[in-house]
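Below is one structure; the comments refer to it alone.
Residue numbers (the numbering used here): 3 to 193.
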């Protein structure tokens, strides 16, 4: 994967993040990737693995602003923004452990996301998700609000999950500024 060729703005955000040092950028290791796969019980998509090993992470940078992407829900199409985007592997491991298990302080709250979807982060109570189901393996989804409820209970289920792209690579290609996405998808509301 060549991030600069794929999306120069995403590459610029990655460079800015990397320059901030260890509090904002840490490499992802093969051991951490193996731990992600152990926790989800399957392999991750090759393009996501390659990104983690070569680039590790990319978050939004206000100076660039390319953290918006198209997102289609069952009843609407929107332009979504997520500043957290793709964290390094160690942070994704934490997200899996938190969101794929019962809530530690709320007895009635089980899994907050289905195990078939790999949550990349738990920052800002929203996350991008990688589909691990065989028929849609590698698709990218987004949940704009991770509720403090068990996934699948009334009012919190698959209708709350939006489709973003057919692959991690296509997701990275689509990242752009709010203005760029409004021009690409006229009439779509920004959330």
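All residues carry an ideal CB built from backbone N, CA and C; glycine is no exception.
Rounded distance between the beta-carbons of residue j and residue i, thought under 8 Å
| i | j | result |
| --- | --- | --- |
| residue 69 | residue 84 | 6 Å |
| residue 86 | residue 127 | Not confirmed; about 10 Å, so no contact. |
| residue 98 | residue 41 | 5 Å |
| residue 89 | residue 122 | 6 Å |
| residue 190 | residue 79 | 5 Å |
| residue 164 | residue 74 | 6 Å |
| residue 171 | residue 3 | 7 Å |
Status (buried if at least 16 other CB within 10 Å, exposed otherwise) for residue i
| i | result |
| --- | --- |
| residue 176 | buried |
| residue 65 | exposed |
| residue 129 | buried |
| residue 72 | buried |
| residue 32 | exposed |
| residue 34 | buried |
| residue 10 | exposed |
| residue 166 | buried |
| residue 30 | buried |
| residue 58 | buried |
| residue 186 | exposed |
Under the three-state DSSP convention, the category residue i falls into
| i | result |
| --- | --- |
| residue 100 | helix |
| residue 183 | helix |
| residue 95 | helix |
| residue 42 | helix |
| residue 119 | strand |
| residue 134 | coil |
| residue 28 | coil |
| residue 69 | coil |
| residue 143 | strand |
Cβ-based neighbour list, residue i, same chain, cut-off 7 Å, excluding 5 preceding and 5 following
| i | result |
| --- | --- |
| residue 12 | 5, 60, 68, 174 and 177 |
| residue 111 | 104, 105, 150, 151 and 152 |
| residue 92 | 28 and 34 |
Contact set for residue i: own chain, Cβ-Cβ below 8 Å, skip 5 residues either direction
| i | result |
| --- | --- |
| residue 180 | 67, 70, 81, 83 and 192 |
| residue 169 | 47, 49, 140, 141 and 142 |
(message) With a threshold of 8 Å, are at least 3 pairs of Cβ atoms found where one atom belongs to the segment 149-158 and the other to the segment 43-61?
(response) no
(message) Does the contact criterion of 3 or more C-beta pairs under 8 Å hold for the segment 144-154 versus the segment 90-110?
(response) Cβ pair count under 8 Å is three or more, so yes.
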